[in-house]
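Participant: Here the sequence shown is numbered in the numbering used here, starting from 3 and rising by one per residue. Think of the CB as a built atom: it goes at the ideal place given N, C-alpha and C, for glycine as much as any other residue. Since this is a predicted model, take the numbers as computed values, not measurements.
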Amino acid sequence: MSLNKKITLLFPLSLILYELPLYLSNNLFLPALPDITKSFQVTNATAQLSIAFWFLGASAFQILLGPLSDHYGRKKMLLSGGVLFVFLTLLCSFTHSILWFLIGRFFQGCVVSTILIAGYAEIHEIMEREQAIKTISWMGSITILAPALGPLLGSLLLQWMNWRELFVALTAFTVLSLCLLYTYMPQDRPQLEKLNLKKIFLDYQIILTNFQFWIYTLFFCFLLAVLVAWNTLSPFYLMDYLKLNLIQFGYLQLYVYGFFIIGINSRRLFENYPIEKIIRGGLYLSVSYFILSLWAIVYFPQHLFWVMGVFLLFCLSAGLIFYSLNRKAIEIPKAPMGTITAVFSTAMHLFGFLGSLAARTLYL
Numbered sequence: 003m004s005l006n007k008k009i010t011l012l013f014p015l016s017l018i019l020y021e022l023p024l025y026l027s028n029n030l031f032l033p034a035l036p037d038i039t040k041s042f043q044v045t046n047a048t049a050q051l052s053i054a055f056w057f058l059g060a061s062a063f064q065i066l067l068g069p070l071s072d073h074y075g076r077k078k079m080l081l082s083g084g085v086l087f088v089f090l091t092l093l094c095s096f097t098h099s100i101l102w103f104l105i106g107r108f109f110q111g112c113v114v115s116t117i118l119i120a121g122y123a124e125i126h127e128i129m130e131r132e133q134a135i136k137t138i139s140w141m142g143s144i145t146i147l148a149p150a151l152g153p154l155l156g157s158l159l160l161q162w163m164n165w166r167e168l169f170v171a172l173t174a175f176t177v178l179s180l181c182l183l184y185t186y187m188p189q190d191r192p193q194l195e196k197l198n199l200k201k202i203f204l205d206y207q208i209i210l211t212n213f214q215f216w217i218y219t220l221f222f223c224f225l226l227a228v229l230v231a232w233n234t235l236s237p238f239y240l241m242d243y244l245k246l247n248l249i250q251f252g253y254l255q256l257y258v259y260g261f262f263i264i265g266i267n268s269r270r271l272f273e274n275y276p277i278e279k280i281i282r283g284g285l286y287l288s289v290s291y292f293i294l295s296l297w298a299i300v301y302f303p304q305h306l307f308w309v310m311g312v313f314l315l316f317c318l319s320a321g322l323i324f325y326s327l328n329r330k331a332i333e334i335p336k337a338p339m340g341t342i343t344a345v346f347s348t349a350m351h352l353f354g355f356l357g358s359l360a361a362r363t364l365y366l
């Protein structure tokens, strides 16, 4: 087996299989949120915190993980995080305390952050720009199936099992994916010299003071925050307010992320256009459709056709520029890739947390 094939195909595929259970941990149980509310005997707002805490955890330790990944090796960090994720998922499954459930969700999010810092940093570092964008785009088209199919799959599985058993199934999936990742992820070489705290501080200073980096990063974070807000609000909006059943809820979520996937793949139609021009056009459309979506769900929540119509257009335009914004942001600062992705991932998941909290204010 050629090294090139291992790097360009088998490693990305293994990383995808590892991402799926991690991201499914935040989407597979969405249709079960009302059941979780009853199981722990808490309010809807408290149950929704399980999503917010996941994103809060994902934004908590990136600043430390970035330099550690650069120094000790990305493969070691990624696999260690996966083992921890297995134990945390079992904790969420078996606990009967809402406090421990939220703690488990928080640290699940902490583990997920290693995907960008260790996994995707490796992709960006070993590939040129266009190859990296194409690779993470087709990877994203598959991993986006987690939020796309997750709610529908969860709805179907809930016909035969309870929400606790969903987490047990995720544990088994994670163990399998870790074995594949151990086999096919390139072995990086950790740095032999000691950690240079002064250099780490200077690297972060370079990134944090780079205006262009923040322009692309914040626009990316805005798009993500809107999608997270929808994930948080949709179970209660669609099932509690509009009285849709589990299967109908799952299919509507499939439409949402299906349009997002179409947007991702439609970038191929604009390969001859400068990436900056694609981003400007996509941002104009995304912001416009976001404003229309917010207006529709606040003032006409009973009209599902209009709410879903404009939100699907938002997903389409957001998907078009999602990974282009990612690549443009991380290639601008002149600093170690793990450190750059640590800052990017921190901002990304912090906005996910804020998006989830914002959705709680729109509860109908």
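Identify whether Ile334 lies in helix, strand or coil by the three-state DSSP scheme.
Facilitator: DSSP places Ile334 in coil when its eight states are reduced to three.
Participant: Quick one, which of Tyr74, Thr91 and Pro14 has its alpha-carbon nearest Thr173's?
Facilitator: Answer by Cα proximity: Thr91.
Participant: In or out: Trp162 buried (at least 16 other Cβ within 10 Å) or exposed?
Facilitator: Burial call: exposed.
Participant: Rounded to whole angstroms, what is the Cα-Cα separation between Tyr257 and Pro153?
Facilitator: If you take the alpha carbons of Tyr257 and Pro153, they lie about 11 Å apart.
Participant: Is any beta-carbon of chain D found at less than 8 Å from that of Phe302?
Facilitator: Among the chains in the structure shown there is no chain D, since it carries only a single protein chain.
Participant: Quick one: measure Cβ to Cβ for Ile266 and Phe221, integer angstroms, because I've assumed they're closer than 8 Å.
Facilitator: That belief does not hold up - the Cβ atoms of Ile266 and Phe221 are roughly 16 Å apart, past 8 Å.
Participant: Starting from His73 and walking both ways along the alpha helix (DSSP H), at which residues does that stretch end?
Facilitator: Where His73 is concerned, the enclosing alpha helix (DSSP H) stretches over Gln64 to Tyr74.
Participant: Return yes when the Cβ of Gly68 is within less than 8 Å of the Cβ of Ala349, no when it is not.
Facilitator: Cβ distance not < 8 Å, so Ala349 and Gly68 don't count as in contact.
Participant: Taking Cβ to Cβ, would you say Ala148 is nearer than 8 Å to Tyr25?
Facilitator: Yes, the Cβ-Cβ distance between Ala148 and Tyr25 is below 8 Å.
Participant: How far does the alpha helix (DSSP H) with Asn46 in it extend, from its first residue to its last?
Facilitator: Taken as a continuous stretch (DSSP letters only), the alpha helix (DSSP H) holding Asn46 covers Asn46 to Ala60.
Participant: Do you know whose CA, among Gln304, Trp165 and Phe313, lies nearest His98's CA?
Facilitator: When only C-alpha atoms are compared, the closest one is Trp165.
Participant: Assign Lys245 to one of three DSSP states: helix, strand, or coil.
Facilitator: Looking at Lys245 - three-state DSSP - the assignment turns out to be coil, as it is neither helix nor strand.
Participant: Using the rule of at least 16 other Cβ atoms within 10 Å of the residue's Cβ for burial, across every protein chain shown, is Thr145 buried or exposed?
Facilitator: Burial call: buried.
Participant: Kindly list the residues whose CB is nearer than 7 Å to the CB of Phe355, restricted to its own chain and excluding five residues on each side of it in sequence; keep chain order.
Facilitator: Same-chain partners within the cutoff: Ala54, Phe57, Leu58 and Ser61.
Participant: For my contact list, Leu248 and Ser157 are in at a C-beta cut-off of 8 Å; report their separation, rounded to the angstrom.
Facilitator: About 4 Å separates the two Cβ atoms, so the contact holds.
Participant: When you compare each of Tyr218, Lys77, Lys200 and Leu19 to Gly284 by their alpha carbons, which one comes out closest?
Facilitator: Closest by alpha carbon: Tyr218.
Participant: Under the assumption that Phe262 contacts Gly321 (Cβ atoms under 8 Å), give the Cβ distance between them as a whole number of angstroms.
Facilitator: 4 Å between Cβ atoms; contact.
Participant: Give the DSSP-derived three-state secondary structure of Gln214 in the structure shown.
Facilitator: Gln214 falls in the helix class under three-state DSSP.
Participant: If I measure Cβ to Cβ from Met1 and keep anything under 6 Å in the same chain, skipping five residues before and after, which residues do I get?
Facilitator: Lying before the first or after the last residue shown, residue 1 is absent from the chain, which here runs from 3 to 366.
Participant: Check for me: the alpha helix (DSSP H) holding Trp165 runs from which residue to which?
Facilitator: Here the alpha helix (DSSP H) through Trp165 covers Trp165 to Tyr186.
Participant: May I ask which residues mark the beginning and end of the alpha helix (DSSP H) holding Leu294?
Facilitator: Residues Ile277 to Tyr301.
Participant: CB Gly203 to CB Ile209, shorter than 8 Å?
Facilitator: Note that residue 203 is Phe in the sequence shown here, rather than Gly. Contact flag unset, no.
Participant: Could you have a look at Leu5 and say whether DSSP puts it in helix, strand or coil?
Facilitator: Residue confidence is low: Leu5 scores 49 on pLDDT, short of 50, so the model does not pin down where it sits. No coordinate-derived value is stated.
Participant: May I ask you to report which of helix, strand or coil DSSP gives Glu21?
Facilitator: Reduced to three states, the DSSP call for Glu21 is helix.
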